[in-house]
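Remember, the working numbering sits 1301 above the position in the sequence shown when you count from 1. Don't be surprised by glycine CBs; every beta carbon is placed ideally from N, CA and C. Keep in mind it's a predicted model, so treat the numbers as computed, not measured. Working notes for the structure below.
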Amino acid sequence: MPAAPRNPAVTSDADLLAQTETAVRTAGAALRDRFGDVVPYGSFDELMRALAANDDAVLDVLRPRLTDLRPDARWVEEELDGGALPDGEWWVVDPAEGNVNHLHGLSDWAVTATLVRDNQPVLTVVHLPLTGETYTALVGAGAHLDGRPLHVSRTPELGLGIVATSQARPDEDEKVVRRVGASITEMLVDALVVRTSVPATLHLVNVAAGRIEAFWQFAGARADLLPGVLLVTEAGGRISDVEGRPWTPQSESFLAAAPAVHAAAVATLSR
């Protein structure tokens, strides 16, 4: 997959990753400054306005910086969208991954930016402003946490492992919700510990870092999954749907796992 630099200051994808990291960390400071007390809301419209205010605060900083780095790259406007993208380069950004957690004074949120080239993630940055941690991955060059290489878990079996899942969106179809519930029950039988929380990206960085053995989800948005796809793959993990078939952005399910437990996770989720 050849590099295609557009900005004269960007000489390679590695250089682009470094500059993207700087942009994401700068934007993350804007979201950190907004964090604190629980933000009250009394209706769905009030919730949407509060979520949008967080998004806008980050995008005001991040979007011009990423556009300057890659002027020809298009921008995915809706973070909850899924499916394939047209060919070419796209910025897939979640300005406040875990936005609801942020509003509730919970610490599980991040800022992410992923460059997708011809439907393949090329580089990604996931920054956690509260801890200062930054996860990065570049296709063919590995995954890293603050410059330290990451590798998925070497735990030999699912029964010794921690697994996790997440809901893709709050207004999910009831059939999907019930499927999620059934899958959690099956994993409670087979895995050591099951974690259930949002957002997906923070589970996926844990898979890449070897802290948990697997993450699965039904449905999902590009912005939720693409950063983790690249991080987990570059850290030596496996990506598929829950039945073990190759995953694409059009897939109806998603599984990221350490190689040693992947087959067992597929067997559990396929029951």
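Let's test the definition: count the other Cβ atoms within 10 Å of the Cβ of Phe1516 and tell me whether it reaches 16, buried, or not, exposed.
By the 10 Å Cβ count, Phe1516 comes out buried.
What beta strand (DSSP E) runs, 3 residues minimum, are completely inside the segment 1524-1557?
Counting only runs of 3 or more, we get 1539-1541.
Can you tell me which of Ile1463, Arg1479, Arg1418 and Thr1502 puts its alpha carbon nearest to the alpha carbon of Ala1397?
It is Thr1502.
Considering only residues of the segment 1389-1434, which uninterrupted alpha helix (DSSP H) runs meet the minimum length of 4 residues and lie entirely inside it, listed in chain order?
As far as the segment 1389-1434 is concerned, its whole alpha helix (DSSP H) runs of at least 4 residues are 1400-1404.
Which partner residues does Val1495 have in the DSSP bridge list?
Beta-bridge pairing links Val1495 to Val1464.
For Arg1326, name the three-state secondary structure that DSSP assigns.
It is helical.
Since Leu1446 is in the beta strand (DSSP E), which residue starts that stretch and which ends it?
Unbroken beta strand (DSSP E) run through Leu1446: Gly1443 to Leu1446.
Just the C-alpha distance for Pro1306 and Phe1336, rounded to the nearest angstrom, thanks.
Any reading at Pro1306 needs caution, since the residue's pLDDT is 45, under 50, leaving its predicted position unreliable; the model's value is listed next. Answer to the nearest angstrom: the Cα atoms are 35 Å apart.
With DSSP as the reference, label Met1302 as helix, strand or coil.
For Met1302, the pLDDT reaches just 44, beneath the cut-off of 50, and the residue's location in the model is therefore unreliable, although a value from the coordinates is still provided. Here Met1302 sits in coil by DSSP.
Among all the DSSP beta bridges, which residues are the ones paired with Tyr1436?
Its beta-bridge partners are Val1427 and Leu1446.
CA-CA distance, Pro1471 and Tyr1436?
If I take the Cα positions, the gap works out to 26 Å.
Please work out which residues of its chain come closer than 7 Å, Cβ to Cβ, to Leu1360, disregarding the five sequence neighbours upstream and downstream, and give them in chain order.
Excluding sequence neighbours, Leu1360 sits near Pro1396.
Going by alpha carbons, who is nearest to Glu1514 out of Leu1527, Glu1553, Gly1545 and Arg1455?
The candidate whose alpha carbon is nearest that of Glu1514 is Arg1455.
Check whether the Cβ atoms of Trp1392 and Trp1410 lie closer than 7 Å to each other.
Their beta carbons are not under 7 Å apart, which means Trp1392 does not touch Trp1410 by this criterion.
Could you give the distance in angstroms between the alpha-carbon of Pro1303 and the alpha-carbon of Thr1415?
The predicted position of Pro1303 is uncertain, since its pLDDT is 43 and thus under 50; no value can be drawn from it.
Quick one, are the C-beta atoms of Leu1532 and Ala1444 less than 7 Å apart?
Yes; because the gap between Cβ atoms is below 7 Å, this pair is in contact.
Check this for me: beta carbons of Arg1496 and Ala1465, under 7 Å apart or not?
Contact: yes.
Taking the alpha-carbon of Ala1564 as reference, which of Leu1352, Ser1554, Val1543 and Gln1320 has the nearest alpha-carbon?
Nearest of Leu1352, Ser1554, Val1543 and Gln1320 to Ala1564, Cα basis: Val1543.
Per DSSP, what are the beta-bridge partners of Phe1516 in this structure?
According to DSSP, which records beta bridges pairwise, Phe1516 is partnered with Ala1465 and Ala1557.
With DSSP run on the structure shown, which of helix, strand or coil describes Arg1620?
For the chain, the structure presents residues 1302 to 1572; residue 1620 sits outside this window and is missing.
Taking the beta carbon of Thr1569 as the centre, do at least 16 other beta carbons fall within 10 Å, making it buried, or is it exposed?
So Thr1569 counts as buried.
Take the Cβ of Ala1385 as the centre, count every other Cβ of all protein chains shown within 10 Å, and call the residue buried at 16 or more, exposed below.
Label assigned to Ala1385: exposed.
Please report the residue range of the alpha helix (DSSP H) in which Arg1364 lies.
Phe1345 to Leu1370 is the extent of the alpha helix (DSSP H) around Arg1364.
Could you tell me which residues DSSP pairs with Arg1375 in its beta bridges?
Trp1391.
Between Gly1521 and Ala1492, how many whole angstroms is the CB-CB distance? I'm expecting something under 8 Å.
That pair is no contact at about 20 Å.
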